[in-house]
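First to last, the protein sequences are chains G and S. The working numbering numbers the first residue of the first sequence as 3 and each following residue consecutively. The working numbering numbers the first residue of the second sequence as 179 and each following residue consecutively. We put the CB at the ideal spot given by N, CA and C, even for glycine. Bear in mind that the values here come from a model prediction, so they are computed numbers and not experimental data. Each remark here refers to the structure printed beneath this line.
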Amino acid sequence: MIDPDTSIGGVEARFPQTHWSQIVQAAGANSAAREALIIAYWKPIYKYLRIQWKCSNDDAKDFTQGFLARALEQDFFTGYDPAKARFRTYLRASLDHFMTNAGKAGGRLKRSSGAPVLSLDYSAAENELSADPPDPAESIEEYFQAEWVRQVFAVAVEELQRDYAARGRETRFAIFARYDLDEDSHQLTYDQLAAEFAIPAANVTNWLAAARRDFRRCVLEQVRRMTADEREFRNEVRALLGIDA
Amino acid sequence: MTDKTVAHLREVIREPELAHGRYRALDQIGRGGMGTVYRAEDAELDREVALKVLKAESEMAVERMRREARILARLEHPGIVPIHDVGILDDGRAFYVMKLVRGQRLDRYQAGAHSMTDRLRLFARLCEPIGFAHARGIVHRDLKPENVMVGEFGEVLVLDWGVAKVAGEAETIAVAGTRAYMAPEQAADPGCVDARADVYALGKILRFLIEADGAPKPLLAICAQATAEKPGNRYQSALELSRDVERFLDGLAVDAYPETLADRAYRFYAKYKLLIALIVAYLVMRGVIILWTRH
């Protein structure tokens, strides 16, 4: 059972708000890759701890922080060999190892003193856990992968929104959000969307197609940042699209 | 982001990137092991086409597609779906454009309420393009109901020639075919097959088509001969197989089934039962009249 919990945000408030990008930049080369990896994986890690290790929300937050900080401190990413396993497999094995050690150390590994604290929106992760609990028929590996896909898409949507806002294309993003992100709107016709946004139907067709194309680009760029070479990139894209599922 | 939205976005990303080309995807009409097929609009020729986007971006997938296009260029037959165009999308995936066939796949056709005669006539039509390809040294190697389309007017079209073997061409495909329809020699070595491997697959398709109907013995014998383990014991060509099926349809003895006298009598009865009934009725009436006049 996942218990006992505190209210999300209450305990979080004691953490100083250090943006994690500063940390990965300080860690040296390949910071873009580390940044992308942490963005894509912190939520799957948090949810994994909640489900597989049955951590309370506070413990899951602490262990997520501790694991990511330790991973950054100890050149964790350089130990990964794409030829041997998928990054997700490596990451989960490392996390399990970390948790086993944490158990032996009586929780002292949660967060090492002086370790930087990452500013992560745990309440959003908690809301997602409540809205979409794990399917009992799904293995923990499948769940971890599905959560990775969810997070990659979520980050790509944020990037798209930022990009469109910077270019004054808020309406285009709003159409994309209405049609493709609102699960109750997938059945809307383009004419209905045109009426809703008071624009010609042809604009809906073109703008939605362009937004989808840009969304795809954001997703692929994110995956590219996370991967070391073309082969790994292709494998990850296939996993992301569910082609090899 | 909910599971449903994630699944929807996956579909959105999978959609082919066609913004700068002559084609516009209208809707998805099928998805298979190799890729996804869309109904698309060809803006240049103002017609609807089927656009298949391959899943993988690998060189092997692209080569397979090009190979299929080359094979189909040799096979101009009404029973073989022609390829109009091949290329690479902006996102790197390979695509090809085919004639859009309106109808249904053979596996779905089989589930419909069609008479045995209709199914057998359809099967005989299926053998024609296969025999045509064999005559040009091409063995399909992946015949199965999912690769056969039945058009709106009962026309039969054979799809997916991507793993076909071309006589005299070096073998580049390590695994070809679908296990349930694959001849034993093809399972052992896809490179060492001839037209009789397709005959085996056709026999399996025939069995699939007649399965639900409690098929008569001669038809089962045709299936058995077509799917004999040793190629030498099968029909030696698709046309031989087709001819035996047509003989069955015409009420004639089939090569695959040595008839007993009782079988022959039954076949004769089945073929001429209306005539026999009329003759019997005539004889009975005649007998009744003779008896009536004597009394």
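Is Tyr287(S) near Val231(S), with beta carbons less than 8 Å apart? The residue given as residue 287(S) occupies position 109 in the second sequence. The residue given as residue 231(S) occupies position 53 in the second sequence. It is not a contact, given that the beta carbons lie outside the stated cut-off.
Are the C-beta atoms of Lys449(S) and some chain G residue less than 8 Å apart? As a first step, residue 449(S) must be located in the second sequence, where it is residue number 271. So no, Lys449(S) is outside the interface.
What does the Cβ neighbour count give for Asp231(G), buried or exposed, with the cut at 16 atoms within 10 Å? By 1-based counting over the first sequence, the position of residue 231(G) is 229. Label assigned to Asp231(G): exposed.
Determine, using beta carbons only, whether Arg174(G) and Tyr166(G) come nearer to each other than 8 Å. Numbered from 1 along the first sequence, position 172 holds the residue referred to as residue 174(G). Numbered from 1 along the first sequence, position 164 holds the residue referred to as residue 166(G). Taking 8 Å as the Cβ cut-off, Arg174(G) and Tyr166(G) qualify as a contacting pair.
Between Cys401(S) and Arg421(S), how many whole angstroms is the CB-CB distance? I'm expecting something under 8 Å. In the second sequence, residue 401(S) corresponds to position 223, counting from 1. In the second sequence, residue 421(S) corresponds to position 243, counting from 1. Going by Cβ atoms, the distance from Cys401(S) to Arg421(S) rounds to 15 Å, so no, they are not a contact pair.
Measuring only the C-alpha atoms, how far is Ala302(S) from Arg442(S)? Indexing the second sequence from 1 puts residue 302(S) at position 124. Indexing the second sequence from 1 puts residue 442(S) at position 264. Straight-line Cα distance between these residues: approximately 23 Å.
Would the C-beta of Trp339(S) count as close to the ligand MG, meaning under 7 Å from any of its heavy atoms? The ligand MG is absent from the structure shown, which contains no ligands of any kind.
Min CB distance Glu193(S) to chain G below 8 Å: For this step, residue 193(S) is matched to residue 15 along the second sequence. Interface residue, yes.
Going by DSSP, name the residue or residues bridged to Lys277(S). Reading the second sequence from its first residue, position 99 is the one you call residue 277(S). Answer is Val227(S), bridged to Lys277(S).
Mind the definition here: the stretch 354–372 of chain S touches the stretch 261–277 of chain S only if three or more C-beta pairs lie below 8 Å; say whether that holds. no
Arg385(S) - partner residues in DSSP beta bridges: Position 207 of the second sequence, counted from the start, is the residue given in the question as residue 385(S). Answer is none; Arg385(S) lacks a bridge partner.
Can you confirm whether Ile278(S), when its beta carbon is compared against all beta carbons of chain G, has any partner nearer than 8 Å? Counted from its first residue, the second sequence places residue 278(S) at position 100. First, the amino acid is wrong: residue 278(S) is Leu here, not Ile. For Leu278(S), the answer is no, since every Cβ of chain G falls outside 8 Å of its Cβ.
Host alpha helix (DSSP H) of Thr173(G) (start-end): On the first sequence, residue 173(G) is found 171 positions in, with the first residue counted as 1. Counting along the chain, the alpha helix (DSSP H) containing Thr173(G) begins and ends at 172–178.
Is the shortest distance between the beta-carbon of Met179(S) and the beta-carbons of chain G less than 8 Å? Residue numbering aside, residue 179(S) sits at position 1 when the second sequence is read from its first letter. Closer than 8 Å to some Cβ of chain G, the Cβ of Met179(S) qualifies, so yes.
Please classify His262(S): does DSSP put it in a helix, a strand, or coil? For the purposes of this step, residue 262(S) is taken as residue 84 along the second sequence, with counting starting at 1. Strand.
Report the CB separation of Ile258(S) from Val336(S) in whole angstroms; it is logged as a contact under 8 Å. As a first step, residue 258(S) is located in the second sequence; it is residue number 80 there, counting from the start. As a first step, residue 336(S) is located in the second sequence; it is residue number 158 there, counting from the start. Between Val336(S) and Ile258(S) the Cβ distance is about 6 Å, and since that is below 8 Å, they are a contact.
Within 8 Å (strictly less), CB to CB, does Ile10(G) reach chain S? The count along the first sequence starts at 1 and reaches residue 10(G) at position 8. Confidence is the limiting factor: at Ile10(G) the pLDDT is only 38, short of 50, which leaves the residue's position unreliable, though a coordinate-based value still follows. Not an interface residue.
Please work out which residues of its chain come closer than 8 Å, Cβ to Cβ, to Asp447(S), disregarding the five sequence neighbours upstream and downstream, and give them in chain order. Taking the second sequence and counting its residues from 1, the one referred to as residue 447(S) is at position 269. Note on residue identity: the sequence assigns Tyr, not Asp, to residue 447(S). So the qualifying residues of the chain are Ile454.
Taking DSSP as the reference, what is the three-state secondary structure of Val371(S)? The residue you call residue 371(S) lines up with position 193 of the second sequence. Note: Val371(S) maps to coil in three-state DSSP.
Hey, is Leu229(S)'s beta-carbon within less than 8 Å of any beta-carbon in chain G? Taking the first residue of the second sequence as 1, we reach residue 229(S) at position 51. No, its Cβ sits nowhere closer than 8 Å to a Cβ of chain G.
Quick one: grab the DSSP three-state call for Ala221(S). Mapped onto the second sequence, residue 221(S) falls at position 43. Three-state result, Ala221(S): coil.
Neighbour flag for Leu93(G) against chain S, beta carbons, 8 Å: Position 91 of the first sequence holds residue 93(G). Not closer than 8 Å to any Cβ of chain S, the Cβ of Leu93(G) fails to qualify, so no.
When burial is assigned at 16 or more other CB atoms within 10 Å of the CB, is His473(S) buried or exposed? Here residue 473(S) refers to the residue found at position 295 when the second sequence is read from its first residue. Flag for His473(S) reads exposed.
Using only the alpha-carbon positions, how far apart do Ala87(G) and Arg94(G) sit? Position 85 of the first sequence, counted from the start, is the residue given in the question as residue 87(G). Position 92 of the first sequence, counted from the start, is the residue given in the question as residue 94(G). If I take the Cα positions, the gap works out to 11 Å.
Around the C-beta of Ile191(S), are 16 or more other C-beta atoms found within 10 angstroms, so that it is buried, or is it exposed? Position 13 of the second sequence holds residue 191(S). Burial call: buried.
For chain S, find out if any of its Cβ atoms is closer than 8 Å to the Cβ of Ala156(G); answer yes or no. Counting from one through the first sequence, the residue named residue 156(G) turns up at place 154. So, interface residue.
Assess, as a yes-or-no matter, whether the stretch 129–142 of chain G is touched by the stretch 38–54 of chain G under the definition of 3 or more beta carbon pairs within less than 8 Å. yes
Does the distance from the CB of Arg374(S) to the CB of Arg412(S) come in under 8 Å? Position 196 of the second sequence holds residue 374(S). Position 234 of the second sequence holds residue 412(S). Yes, the Cβ-Cβ distance between Arg374(S) and Arg412(S) is below 8 Å.
Short-range partners of chain S found in the stretch 129–150 of chain G, where Cβ spacing is below 8 Å: Glu130, Ala133, Asp134, Ala148
Between Ala211(G) and Pro202(G), is the Cβ-Cβ spacing less than 8 Å? Your numbering for residue 211(G) matches position 209 in the first sequence. Your numbering for residue 202(G) matches position 200 in the first sequence. The answer is no: Cβ separation not under 8 Å.
So, for Pro323(S): in the same chain, excluding its five sequence neighbours on each side, which residues have a beta-carbon less than 7 Å away from its beta-carbon? Start at 1 with the first residue of the second sequence, and residue 323(S) comes out as number 145. Closer than 7 Å at Cβ, skipping near neighbours: Arg283, Leu284, Asp285, Gln288, Ile383, Phe386.
Listed by chain order, chain G residues near Lys182(S) by CB distance under 7 Å: Position 4 of the second sequence, counted from the start, is the residue given in the question as residue 182(S). The contacting residues are Glu185.
Report back the beta-carbon spacing between Glu238(G) and Val221(G) to the nearest angstrom; my notes put them in contact at under 8 Å. Sequence index remark: in the first sequence, residue 238(G) carries index 236 (1-based). Sequence index remark: in the first sequence, residue 221(G) carries index 219 (1-based). Between Val221(G) and Glu238(G) the Cβ distance is about 11 Å, and since that is not below 8 Å, they are no contact.
For Val227(S) and Ala262(S), believed in contact at Cβ under 8 Å, the rounded distance: On the second sequence, residue 262(S) is found 84 positions in, with the first residue counted as 1. On the second sequence, residue 227(S) is found 49 positions in, with the first residue counted as 1. What sits at residue 262(S) in the sequence shown is His, not Ala. Right, the Cβ-Cβ distance comes to about 6 Å (below 8 Å), so this counts as a contact.
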